[in-house]
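Sequences listed follow chains A and B, in order.
Residue 1 is where the first sequence starts when you use UniProt numbering, and the numbers rise one by one after that.
Residue 1 is where the second sequence starts when you use UniProt numbering, and the numbers rise one by one after that.
The C-beta atom is built at its ideal place from N, Cα and C for all residues, glycine as well.
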Amino acid sequence: MATLSYSKESAAGTLTVRALREGFYAGLIALGLFVLFVGLETTQNIRNELVLNQRWGLLAIFVAVAAVGRFLGVAYVQPWAAARKAARAAVVQKEAPEGFFVRNFSKLAIVALVLMPPVAVSLLGVQGSLKWVDNFGIQILIYVMLAWGLNIVVGLAGLLDLGYVAFYAVGAYSYALLSQYFGLSFWVLLPLAGMLAACWGIILGFPVLRLRGDYLAIVTLAFGEIIRLVLINWTEVTKGTFGVSGIPKASVFGIWSFDVSAHNNFAKAFGLPMSSAYYKIFLFYLILALALLTAFVTIRLRRMPIGRAWEALREDEIACRSLGINTVTTKLTAFATGAMFGGIAGSFFAVRQGFVSPESFVFLESAIILAIVVLGGMGSLVGIAVAATVMVGGTELLREMTFLKTIFGPDFTPELYRMLIFGVAMVVVMVWKPRGFVGSREPTAFLHERKAVSGSFTKEGHG
Amino acid sequence: MTETLLKVHGVETYYGNIRALAGVDVEVRRGEIVSLIGANGAGKSTLMMTICGSPQARTGTVTFDGQEITRLPTHEIARLRIAQSPEGRRIFPRMTVYENLQMGASLDNLKYFDEDVEKIFALFPRLKERKAQRGGTLSGGEQQMLSIGRALMARPKLLLLDEPSLGLAPLIVKQIFDAIRALNKEQGLTVFLVEQNAFAALKLCDRAYVMVNGRVTMSGTGRELLADPEVRAAYLEGGRH
Chain A
1 MATLSYSKES
11 AAGTLTVRAL
21 REGFYAGLIA
31 LGLFVLFVGL
41 ETTQNIRNEL
51 VLNQRWGLLA
61 IFVAVAAVGR
71 FLGVAYVQPW
81 AAARKAARAA
91 VVQKEAPEGF
101 FVRNFSKLAI
111 VALVLMPPVA
121 VSLLGVQGSL
131 KWVDNFGIQI
141 LIYVMLAWGL
151 NIVVGLAGLL
161 DLGYVAFYAV
171 GAYSYALLSQ
181 YFGLSFWVLL
191 PLAGMLAACW
201 GIILGFPVLR
211 LRGDYLAIVT
221 LAFGEIIRLV
231 LINWTEVTKG
241 TFGVSGIPKA
251 SVFGIWSFDV
261 SAHNNFAKAF
271 GLPMSSAYYK
281 IFLFYLILAL
291 ALLTAFVTIR
301 LRRMPIGRAW
311 EALREDEIAC
321 RSLGINTVTT
331 KLTAFATGAM
341 FGGIAGSFFA
351 VRQGFVSPES
361 FVFLESAIIL
371 AIVVLGGMGS
381 LVGIAVAATV
391 MVGGTELLRE
401 MTFLKTIFGP
411 DFTPELYRML
421 IFGVAMVVVM
431 VWKPRGFVGS
441 REPTAFLHER
451 KAVSGSFTKE
461 GHG
Chain B
1 MTETLLKVHG
11 VETYYGNIRA
21 LAGVDVEVRR
31 GEIVSLIGAN
41 GAGKSTLMMT
51 ICGSPQARTG
61 TVTFDGQEIT
71 RLPTHEIARL
81 RIAQSPEGRR
91 IFPRMTVYEN
101 LQMGASLDNL
111 KYFDEDVEKI
121 FALFPRLKER
131 KAQRGGTLSG
141 GEQQMLSIGR
151 ALMARPKLLL
161 LDEPSLGLAP
171 LIVKQIFDAI
181 RALNKEQGLT
191 VFLVEQNAFA
201 ALKLCDRAYV
211 MVNGRVTMSG
221 TGRELLADPE
231 VRAAYLEGGR
241 H
């Protein structure tokens, strides 16, 4: 017993020594690295002379952070992680029955979303609810819908599309231009925009039928840029970089309007005080319905032959052909269906903003939508919705973090760090969950005996 | 029994400028098991792929059931009920066994699925045990069973098998070959089999072809070829399982 405690103590002692040594080395390396970058700074003074500033204090902070960080990492974090790993390995993996919350997550989420606007209004008042309904609710739901649409192309059919924002743009401009030039209403143009985007999906699909993987990605990327450049340069129709403004608002199926001057104004009809919040709440329910429609169609399609063919196509194109599946039409339907939802989301975007310009449809948007699909776990609707909430909601939250100004000074604008945090979040998720939040694919053929089989056969087999 | 189902006549297939098949003539009659044996790179799999139209033959014709299929796209050929268990099995790894079988039945839109899937499970009981498991988690032998099962779900007139014994334990190979024999005897299924395992293939088949460098150099019944000294020297001695 005595020897045991002695050896334990000595192990702890050597660990501390090792941590101290490693911390010291890390400090040295940091010093070497930063002495010229951080320790010395060159600036120009008012007479354009080069002045050398010495910033030893800042350098000391850098070195101290590196040394202390390394020390803590070696002395505490690494043993803790190792112990946790060992503990996890020791625990026999038992398949616990999923909790009520996990099983009914999607139903609960939908109920929560439906209840959100009235709750927000009652808690924060009509104007106060705007931020939650519009900035968070609508913004996130647009991305959820876009990501669900892209999921059909990327997650199900396995066609890497980097130009998805093109269909979003087609939908937005379809609504903006057709409503301005022809005065068509939102409810006519919503499906029409979807159809136009689907047409563009097929037009894009044809030249890329033979391509896969990287090559396909490059061509779709180019397609996204082409659409944007056409929108910028076709000034007679699209008004170029100025964009289209004054896009008419949507109405509640033509019964109540949200135009202030209209006789059938929504607020007037119900004797409510004038506020733009009602329109936003209406838009919230509209995008919620559209997103749920996307999910519903995706779920149904997956159980139909075409959806199964998409998934099989993702797995193995040659095997698909040898089973008599026409890969040409299968790919085109995937492109068209994905594009259609992109287009519908686009026309919603136009009606919400009341203004569209090519700036809203840059490559970054495609990248964000794709990142949401990948982070969520390709093919998983719930995972994608969670990823959209975290990513889009998280970046919106940054705007709210005004308290950071008290720490970093008044010049600090947290939303500028959006992409940095986005990137860090992606790296973290990909390290911990390489297949996304919900990485496992839900089978479409539900079997009654599933539970009895799946538990005992979860290990990977060896060919 | 003597009616020709598949006829490959004077077929030459190229990969770019490289001639992989140099005028091949092969015939498969209804109800037969025909084997094609040969060394690595002889063009066996290329012939199999040419029958399926990918790559297409540059010269010569492929006729199936009286219809020329040389220039048809692969999926159209499959719709004529030529089912294939391709080289490397090519099952869908992330889909369950059940879904893989559903994919096999997509020609008829799952019309006969319930009825046929029971037949497959009777033929390969292992698949029934694992029907909710993902294809990629099956063992090699089970994957091969799934690949054949998936092909059978299409209710084929002709079953093409490309190296079903590849990388499998002898016991599993025997199981699979027994299943092929049973299908042929009980349902009269016509099978065209490409194999490196010459001994097993020749014992199974009614007739066989030997392929060397893109040409058919010998043909005859399985028993004749098994007894042939040249075939024995080239493919059987030392290679027997």
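By how many angstroms is the C-alpha of residue j removed from the C-alpha of residue i?
i	j	result
L152 of chain B	G167 of chain B	22 Å
M391 of chain A	I372 of chain A	7 Å
G201 of chain A	G224 of chain A	11 Å
F124 of chain B	C320 of chain A	22 Å
I299 of chain A	G342 of chain A	17 Å
V191 of chain B	A182 of chain B	11 Å
A60 of chain A	L160 of chain A	47 Å
F363 of chain A	D108 of chain B	42 Å
G461 of chain A	K174 of chain B	Residue placement at G461 of chain A is poorly supported in this model, since its pLDDT is 41, which falls under 50; the coordinates still yield a value, given next. Spanning the two alpha carbons is a distance of roughly 21 Å.
L236 of chain B	C205 of chain B	15 Å
L150 of chain A	G423 of chain A	20 Å
R30 of chain B	F113 of chain B	25 Å
L288 of chain A	E315 of chain A	32 Å
E415 of chain A	L397 of chain A	9 Å
V382 of chain A	I344 of chain A	21 Å
A132 of chain B	K111 of chain B	21 Å
G43 of chain B	L202 of chain B	18 Å
R232 of chain B	L226 of chain B	7 Å
A83 of chain A	V438 of chain A	26 Å
residue 474 of chain A	A277 of chain A	Given a span of 1 to 463 for chain A in the structure shown, any question on residue 474 of chain A remains unanswerable.
K185 of chain B	A179 of chain B	10 Å
C45 of chain A	V35 of chain A	Sequence check: residue 45 of chain A is Asn here, not Cys. Cα to Cα, N45 of chain A sits roughly 22 Å from V35 of chain A.
A169 of chain B	Y76 of chain A	50 Å
I407 of chain A	M401 of chain A	11 Å
A26 of chain A	W432 of chain A	26 Å
Report back the beta-carbon spacing between residue i and residue j to the nearest angstrom; my notes put them in contact at under 8 Å.
i	j	result
G346 of chain A	Y143 of chain A	That pair is no contact at about 13 Å.
G222 of chain B	S35 of chain B	7 Å
L156 of chain A	G307 of chain A	7 Å
L138 of chain B	L146 of chain B	6 Å
F284 of chain A	G137 of chain A	5 Å
K268 of chain A	D134 of chain A	In fact, because the Cβ distance is near 22 Å, the residues do not count as touching under 8 Å.
For residue i, name the three-state secondary structure that DSSP assigns.
i	result
K7 of chain B	strand
Y15 of chain B	strand
V373 of chain A	helix
S45 of chain B	helix
G188 of chain B	coil
S322 of chain A	helix
R130 of chain B	coil
A22 of chain B	strand
T16 of chain A	helix
Y98 of chain B	helix
M340 of chain A	helix
D162 of chain B	strand
E41 of chain A	strand
residue 495 of chain A	Shown here, chain A extends from 1 to 463; a query on residue 495 of chain A therefore has no answer.
M430 of chain A	helix
F412 of chain A	coil
L193 of chain B	strand
T59 of chain B	strand
Y209 of chain B	strand
I37 of chain B	strand
Indicate whether residue i and residue j have their beta-carbon atoms separated by less than 8 Å.
i	j	result
E195 of chain B	S165 of chain B	yes
V74 of chain A	R18 of chain A	yes
G205 of chain A	L50 of chain A	no
G23 of chain A	V63 of chain A	no
A147 of chain A	V170 of chain A	no
V216 of chain B	V24 of chain B	yes
S380 of chain A	G436 of chain A	yes
V386 of chain A	G376 of chain A	yes
P93 of chain B	G136 of chain B	yes
C52 of chain B	I33 of chain B	no
V208 of chain A	L216 of chain A	yes
G324 of chain A	R79 of chain B	yes
TODO: Any chance you could list the beta strand (DSSP E) runs of at least 3 consecutive residues sitting entirely within the region 100-127 of chain B, in chain order?
DONE: none
Open item on the list: Could you tell me which whole beta strand (DSSP E) segments of length 3 or greater appear in the region 247-274 of chain A?
Closed with: Entirely contained in the region 247-274 of chain A, not one beta strand (DSSP E) run reaches 3 residues.
TODO: For the region 79-142 of chain A, list the alpha helix (DSSP H) runs that are entirely contained and at least 4 residues long, ordered along the chain.
DONE: Runs of the alpha helix (DSSP H) inside the region 79-142 of chain A: 100-103 and 105-130.
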